[in-house]
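Student: Residue numbers (the working numbering): 82 to 310. After the structure tokens below, expect a handful of questions from me.
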């Protein structure tokens, strides 16, 4: 059977709060250390932009300020492009504007072509006149009054703490935020899977998974995995 790359973004899972904690956000739940990073961030942005949960959106935005360099930009762009909400896409276009020094995120700006949106349903003009704009989003596709989204470092794990908690994040620090790192993470937990199943779980192309499986098998056979972990 021909391998078909899976959709990047599924429905919001029942374990979503645990997933947010698993990727380093501070909420009252046990962490899921295997939570998919970009998918979890997309669901968090939907909760904030579509459902009005500004607490979640605040923590998400703080998380991005701390951890964005370890995002798999290709996976993130795929997730955003598959999301049906214009408000969610506007948020990510605004994030790309904020983080524009990282050119990996430039493609996100092309996924929203509408007018500038207000984060708040009412009162944006008054709040901006009174307090100014959130500097992170000034000049972007999203208008956010200053102070609306709390930015508190204690709301997210530090990179050092997240490396200890989340194997996928750890491998991205080690190898770079690439599909290779994501495939490697799958193999560490299930080294005997078929190439197609590894690719499906990682969300990668078959070709990428095939090459990483060969490299993983080589290190495994030579006894080199223990030294590299």
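Glycine included, every Cβ here is placed at the ideal spot set by N, Cα and C.
1. Considering only the beta carbon of each residue, do residue 222 and residue 187 sit closer than 8 Å?
2. Could you tell me whether the region 99–108 touches the region 188–205, where touching means 3 or more Cβ pairs closer than 8 Å?
3. Would you grab the beta carbon distance between residue 118 and residue 249 for me? Rounded to a whole angstrom, and I think it's under 8 Å.
4. What does DSSP give as the partner residues of residue 226 in its beta bridges?
5. Within this structure, are the beta carbons of residue 283 and residue 260 separated by less than 8 Å?
6. In angstroms, rounded to a whole number, what distance separates the CA positions of residue 158 and residue 306?
7. Please list, in chain order, all residues of the same chain as residue 285 whose beta carbon is under 7 Å from its beta carbon, the five residues on each side excluded.
8. In whole angstroms, what separates the C-alpha of residue 183 from that of residue 121?
9. On the premise that residue 226 lies in contact with residue 41, defined as a C-beta separation below 8 Å, what is that separation, rounded to the nearest angstrom?
10. From this set, 303, 206, 274 and 254, which residue's C-alpha is nearest residue 291's C-alpha?
11. Can you find the residues in the same chain that come closer than 6 Å, C-beta to C-beta, to residue 253, ignoring five residues on each side of it along the sequence?
12. Between which two residues does the alpha helix (DSSP H) containing residue 103 stretch?
Tutor: From the atom records:
1. Mapped onto the chain shown, residue 222 falls at position 141. Mapped onto the chain shown, residue 187 falls at position 106. In this structure, residue 187 does not lie closer than 8 Å to residue 222 by Cβ.
2. Segments in contact, no.
3. As a first step, residue 118 must be located in the chain shown, where it is residue number 37. As a first step, residue 249 must be located in the chain shown, where it is residue number 168. About 6 Å; that satisfies the 8 Å criterion.
4. Start at 1 with the first residue of the chain shown, and residue 226 comes out as number 145. Under DSSP, the beta-bridge partners assigned to residue 226 are 214.
5. Taking the chain shown and counting its residues from 1, one reaches residue 283 at position 202. Taking the chain shown and counting its residues from 1, one reaches residue 260 at position 179. Yes, these two residues count as a Cβ contact at 8 Å.
6. Here residue 158 is taken as the residue at index 77 of the chain shown, counted from 1. Here residue 306 is taken as the residue at index 225 of the chain shown, counted from 1. Across the structure, residue 158 and residue 306 are spaced so that their CA atoms are roughly 31 Å apart.
7. Within the chain shown, numbered from 1, the residue matching residue 285 stands at position 204. Sequence-distant Cβ neighbours of residue 285 in its own chain, meaning closer than 7 Å and more than five residues away, are 260, 263 and 264.
8. As a first step, residue 183 is located in the chain shown; it is residue number 102 there, counting from the start. As a first step, residue 121 is located in the chain shown; it is residue number 40 there, counting from the start. Between the alpha carbons of residue 183 and residue 121 lies a gap of roughly 21 Å.
9. In the structure as shown, the chain starts at 82 and stops at 310, and residue 41 therefore has no counterpart that could be examined.
10. On the chain shown, position 210 is the one that residue 291 refers to. Distances from the CA of residue 291 to each of 303, 206, 274 and 254 were compared; the closest alpha carbon is that of 274.
11. Here residue 253 refers to the residue found at position 172 of the chain shown. Cβ neighbours of residue 253 beyond the five flanking positions: 151 and 262.
12. Your numbering for residue 103 matches position 22 in the chain shown. Unbroken alpha helix (DSSP H) run through residue 103: 97–103.
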